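These notes concern the structure reproduced below.
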Amino acid sequence: MASIRHEIVIDASPEHIWDVLRDVGAVHERLLPGRVIDTRLEGDQRFLTFPDGHVIRELIVAIDDDSRRLAYSVVEGARPPLEHHHASFEVRPEGAGAGRLIWTTNVLPHGQAAEIRIRMEHGAVEMKQAIEAAAPS
Numbered sequence: 003m004a005s006i007r008h009e010i011v012i013d014a015s016p017e018h019i020w021d022v023l024r025d026v027g028a029v030h031e032r033l034l035p036g037r038v039i040d041t042r043l044e045g046d047q048r049f050l051t052f053p054d055g056h057v058i059r060e061l062i063v064a065i066d067d068d069s070r071r072l073a074y075s076v077v078e079g080a081r082p083p084l085e086h087h088h089a090s091f092e093v094r095p096e097g098a099g100a101g102r103l104i105w106t107t108n109v110l111p112h113g114q115a116a117e118i119r120i121r122m123e124h125g126a127v128e129m130k131q132a133i134e135a136a137a138p139s
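The sequence shown begins at 3 in the working numbering and counts up by one.
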């Protein structure tokens, strides 16, 4: 199984970053506006709709406020198709007034890891921009 880890420093408080991430029903409004156009929750499942109409179904595995960690799995609709997907976000303090977002993803098959890494790197930049734009001054 391939494990991909990406870290990015965000110029916002760890509390604000975590508030955005843990708001699992507002991905389209707070985390990836424009990239995701709708988010729908049904119990512990989250459905993300993209501009082309594609829908990904995820399982929200855990939301841990004490450790600022969110774990989820894509269970249907992954692009590229995957046999297994499990990911987590963690938020840690980074100096004065900033936070470090750590995104770890485990996938099968191994051969998809390079594509997933590129998507994570681009996605992290988009998340950083959205979080910083909405951070309290």
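All C-beta atoms, glycine included, are put in the ideal place defined by N, C-alpha and C.
Model, not experiment: these values are computed from the prediction.
Candidates the options, of which the one nearest residue i by Cα
i           : options           : result
residue 86  : 92, 94, 77, 93    : 77
residue 125 : 10, 136, 111, 59  : 10
residue 110 : 80, 68, 41        : 80
residue 51  : 63, 66, 31, 69    : 31
residue 26  : 131, 135, 120, 90 : 90
residue 83  : 56, 106, 16       : 56
residue 19  : 105, 49, 36, 44   : 105
For residue j and residue i, the rounded distance between their alpha carbons
i           : j           : result
residue 108 : residue 129 : 20 Å
residue 97  : residue 41  : 32 Å
residue 3   : residue 88  : 11 Å
residue 39  : residue 66  : 26 Å
residue 115 : residue 122 : 10 Å
residue 33  : residue 119 : 19 Å
residue 14  : residue 44  : 30 Å
residue 63  : residue 7   : 18 Å
residue 127 : residue 134 : 11 Å
residue 117 : residue 72  : 22 Å
Buried or exposed (CB count within 10 angstroms, at least 16 for buried), residue i
i           : result
residue 101 : buried
residue 92  : buried
residue 22  : buried
residue 60  : buried
residue 70  : buried
residue 132 : buried
Same chain only: Cβ atoms within 6 Å of residue i, ignoring 5 sequence neighbours per side
i           : result
residue 49  : 42, 57, 59
residue 5   : 108
residue 112 : 4
Own chain residues within Cβ distance below 7 Å of residue i, not counting five before or after
i          : result
residue 28 : 41
Own chain residues within Cβ distance below 8 Å of residue i, not counting five before or after
i          : result
residue 94 : 16, 70, 101, 102, 104
### Query
At what residue ranges does the region 58-105 contain a whole run of the beta strand (DSSP E), taking only runs of 3 or more?
Listed in chain order, they are 71-78, 86-95.
### Whole beta strand (DSSP E) elements within the region 20-61, 3-residue minimum
Entirely contained in the region 20-61, the beta strand (DSSP E) runs reaching 3 residues are, in chain order, 40-44, 47-51.
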